[in-house]
């Protein structure tokens, strides 16, 4: 037995990397399964439109908001926390954007204000969570109410409509520039770029390792000189900026400010992160996985709509897929351990 | 010929490509205390898991009182009369002592818990252990670890077991509690209960057991009558090599004072701790569990509040610094609780080694995975860590190897002062010896070590200077050669005032 142990033994190395690769593949398997499922059951005339490049772009556009939010949510969940206030923050920031544009503020200033507001709310959440050591679930549950209430107050409890002249510029982030071409809506490009940056930050930066460390064992992180409170605070604040950006995208898509929008969108993001292989106990998760998770849900929605299934069927199917995806992940982990 | 109580014949078990048990045979008579000895990773815990029905063996027979024994669930194992006391306490922290003792075997009537009967059984179980003074209604997490263990043992007694398996039951007990435990074990033995006693402390095995079996690399390599003359043979069988020096001595010179602590005071403990740590010195702190040794290091290292006193590092005042600041000054702390505080069990070896100092893994502003793995591989071979791969998760390693990773972090950090809290607790002799050797080598390089331990022979074997803590106060330090075990014990329980 002892002779098998040396780390230079390449056989072990290969098997190990293979196991890790399979681990990474998990979310892709779920996505492939969903696509395959639709390919099988769709009548050919529907499947032609479903499997078109145009529809793919459409699905990507529908993914953008959840995907951008999932970037922040992944960080938070990896750090061992949770954020339930995202839907309300998206509503608040999108209403804020509409109010500012209506008041004649420039696009640039509006964007800065929206992102700053998201970051500010994250900062408040993070401060309460890290300084007063309160449970993230409770703090963000409270913020869910506060931000939604503020959104309604700001919008005077109705949708904020914009002058026609402002609509094209507001809508540009989510508009397809060339329906038949290869270019995608700016929102998609932004989401992909940010995902790459965040994947690097989480996996390759010391800050990222600290986030994993805190989620894995906060006591150890403290022992090793990680400024746990500062890191947690930064995680919530940075995520808040992402949620603000998701709000901007929502505003751009609706082209109006609706204080009752995006209710429960945080649950979609949590589902995306979890389908992507994260554990709600913290310490595991990946940006790539979360993005595929978000895409999986968008594909499910789009496919169900095109088959013309009623809304309730969609909801049931998405629920089933979430449970199956996480169950599959658990099953693979228990197998790889034994 | 008497039928053995428990007979294990050529049991094998593999996990994938790893053979955890190659061939294990073991026979325990009724009313026998049988010591099961082996280094961590030798297969003791796998064997226990088979006995408690957590795993099923690939081949081989197990008989209990001559009957085929193959329980399907832990519950079935318990009702067959095989009870287990694990090294890691398996209590429910927020339930009371009484609820924990009867957990899973609550006396019922019409589906409701019979509270009177439950109390009666809990009281009687604790009486058998001479622990009637434990508060039955207190949540167990409020009790010190030694008391929690008594609760755990009381729970095992509930089913009137025929075979009781104890895994390192004394690793967190003070001498006094250990004595109480031994009395209980011997009384159980006299009532005909067979006890499999797993321990790294050979002295304990000698005191308790009549027979021993040694496991090495998943194989039972030797068995016989436990007696003092057998000890060298047992040690040889365990490690598979001669262990000439359990306490290897690296000559080292003691230099100028580095760290000066004056009248350090924490919230409850410590009350009054003063010492000077010199460069190249290994300073041992002895004492019973609860004397405030851990609290001293935690208050010093900024993990718990420092209420009073002065801490000076190289003559510079360093009161109330957070852990981060201490690490920047190259002072590192090894937690006594490696599972809950010391290590990230679900992260890989590399991340655990480098968490306090990622700098060497960084190039071009990013952590390079390759570089991290090759650096980790170096530490793995340097410290003799048994692992398949630098990216292996820590929970897959044995306790001794986990501890080497925890110590490796301080070495990687290049700490000048190492505060080690029970660094050898619950690990095998080979790993212990290696840790002693590392401490000696560090001292030879002019680094300083504070070494907390409840095991006197290792303190006397390794340290230059020893102080004894009693009720939150540290005695005057004396060279190790001026202490005897008796002196230390007397000082630890506050019997003499010198």
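Protein chains in written order, with the numbering used here: chain H, 1494 to 1831; chain A, 49 to 546.
The C-beta atom is built at its ideal place from N, Cα and C for all residues, glycine as well.
Computed from a predicted structure; not experimentally measured.
Closest to residue i by CA distance: which of the options is it?
i	options	result
residue 539 of chain A	A:300, A:518, A:528, A:527	A:518
residue 578 of chain A	A:166, A:333, A:156	Absent from the structure is residue 578 of chain A, since the part of chain A shown begins at 49 and ends at 546.
residue 1617 of chain H	H:1604, H:1594, H:1578	H:1578
residue 413 of chain A	H:1603, H:1737, H:1626, H:1697	H:1697
residue 261 of chain A	A:431, A:58, A:274, A:439	A:274
residue 1659 of chain H	H:1677, H:1596, H:1825, H:1681	H:1596
residue 1586 of chain H	H:1682, H:1708, H:1779, H:1752	H:1752
residue 1652 of chain H	H:1541, H:1774, H:1754	H:1754
residue 1781 of chain H	H:1766, H:1704, H:1773	H:1766
residue 1688 of chain H	H:1612, H:1670, H:1568	H:1568
residue 1723 of chain H	H:1654, H:1608, H:1626	H:1626
residue 374 of chain A	A:465, A:192, A:218, A:146	A:465
residue 142 of chain A	A:186, A:486, A:159, A:104	A:186
Is the Cβ of residue i closer than 9 Å to any Cβ of chain A?
i	result
residue 1626 of chain H	no
residue 1760 of chain H	no
residue 1527 of chain H	no
residue 1642 of chain H	no
residue 1796 of chain H	no
residue 1789 of chain H	no
residue 1713 of chain H	yes
In whole angstroms, what separates the C-alpha of residue i from that of residue j?
i	j	result
residue 458 of chain A	residue 382 of chain A	8 Å
residue 203 of chain A	residue 173 of chain A	8 Å
residue 453 of chain A	residue 1573 of chain H	24 Å
residue 537 of chain A	residue 320 of chain A	20 Å
residue 356 of chain A	residue 318 of chain A	10 Å
residue 212 of chain A	residue 1557 of chain H	59 Å
residue 233 of chain A	residue 449 of chain A	30 Å
residue 361 of chain A	residue 1719 of chain H	21 Å
residue 1600 of chain H	residue 1791 of chain H	29 Å
residue 1622 of chain H	residue 1685 of chain H	30 Å
residue 1552 of chain H	residue 1788 of chain H	8 Å
residue 1604 of chain H	residue 1583 of chain H	13 Å
residue 267 of chain A	residue 1532 of chain H	54 Å
residue 1681 of chain H	residue 60 of chain A	56 Å
residue 1800 of chain H	residue 1546 of chain H	18 Å
residue 270 of chain A	residue 125 of chain A	27 Å
residue 441 of chain A	residue 397 of chain A	6 Å
residue 265 of chain A	residue 248 of chain A	16 Å
Within 9 Å (strictly less), CB to CB, does residue i reach chain H?
i	result
residue 392 of chain A	yes
residue 193 of chain A	no
residue 476 of chain A	no
residue 291 of chain A	The predicted model places residue 291 of chain A with a pLDDT of 47, which falls under 50 and marks its position as unreliable, so this point remains unresolved.
residue 383 of chain A	yes
residue 546 of chain A	Low local confidence applies: a pLDDT of 42 at residue 546 of chain A is under 50, so the model's placement there is unreliable, and no value is given.
residue 395 of chain A	yes
residue 399 of chain A	yes
residue 201 of chain A	no
residue 416 of chain A	yes
residue 413 of chain A	yes
residue 506 of chain A	no
residue 100 of chain A	no
residue 247 of chain A	no
Pull out every residue of the segment 364–377 of chain A whose Cβ sits closer than 7 Å to any Cβ of chain H, in chain order.
-> Contact residues of the segment 364–377 of chain A toward chain H are 371, 372, 375 (C-beta to C-beta distance below 7 Å).
Just by C-beta distance, which residues in the segment 1696–1711 of chain H are closer than 7 Å to chain A?
-> Residues passing the 7 Å Cβ filter: 1697, 1698, 1699, 1702, 1705, 1706, 1709, 1710.
So does the segment 317–336 of chain A actually touch the segment 489–505 of chain A, counting three or more Cβ pairs closer than 8 Å?
-> The segment 317–336 of chain A is in contact with the segment 489–505 of chain A.
Mind checking the segment 1798–1827 of chain H against chain A and listing, in chain order, the residues whose C-beta falls within less than 9 Å of any C-beta there?
-> For the segment 1798–1827 of chain H, the set of residues with a beta-carbon nearer than 9 Å to any beta-carbon of chain A is empty.
Determine contact between the segment 1516–1529 of chain H and the segment 1728–1736 of chain H, defined as no fewer than three beta-carbon pairs at a distance below 8 Å.
-> Here the segment 1516–1529 of chain H does not lie against the segment 1728–1736 of chain H, with fewer than 3 beta-carbon pairs under 8 Å apart.
Got a sec: which bits of the segment 1670–1697 of chain H sit with their beta carbon under 9 Å from any beta carbon on chain A, in order along the chain?
-> Cβ contacts with chain A: 1693, 1696, 1697.
Assess, as a yes-or-no matter, whether the segment 399–411 of chain A is touched by the segment 1755–1767 of chain H under the definition of 3 or more beta carbon pairs within less than 8 Å.
-> Not touching, per the Cβ criterion.
In chain order, what residues of the segment 1715–1736 of chain H put their CB closer than 8 Å to some CB of chain A?
-> Answer set for the segment 1715–1736 of chain H: 1715, 1716, 1717, 1718, 1719, 1720.
Going along the segment 1565–1590 of chain H in order, which residues come within less than 8 Å of chain A, judged by CB to CB distance?
-> Close to chain A, meaning a Cβ-Cβ distance shorter than 8 Å, is no residue of the segment 1565–1590 of chain H at all.
Check whether the segment 518–533 of chain A touches the segment 337–352 of chain A, taking contact to mean three or more Cβ pairs, one atom from each stretch, closer than 8 Å.
-> At 8 Å Cβ cutoff, the stretches touch.
Which of the residues in the segment 1767–1789 of chain H, read from start to end, lie with their CB under 8 Å from any CB of chain A?
-> Under the 8 Å Cβ criterion, the segment 1767–1789 of chain H contributes 1776, 1777.
Between the segment 1629–1642 of chain H and the segment 1738–1746 of chain H, do at least 3 Cβ pairs fall closer than 8 Å?
-> With the cut-off at 8 Å, the segment 1629–1642 of chain H and the segment 1738–1746 of chain H do not touch.
How do the segment 225–240 of chain A and the segment 173–190 of chain A stand: do at least 3 beta-carbon pairs fall below 8 Å, yes or no?
-> By the C-beta criterion, the segment 225–240 of chain A is judged to be in contact with the segment 173–190 of chain A, since at least 3 inter-stretch pairs fall below 8 Å.
When Cβ atoms are compared, which residues of the segment 145–177 of chain A fall closer than 8 Å to chain H?
-> Listed in sequence order: no entries.
Are three or more beta carbon pairs between the segment 388–396 of chain A and the segment 1705–1712 of chain H nearer than 8 Å?
-> The way I'd put it, the segment 388–396 of chain A does touch the segment 1705–1712 of chain H; three or more beta-carbon pairs between them come closer than 8 Å.
Does the pairing of the segment 467–480 of chain A with the segment 74–93 of chain A give three or more beta-carbon distances under 8 Å?
-> Yes, they touch.
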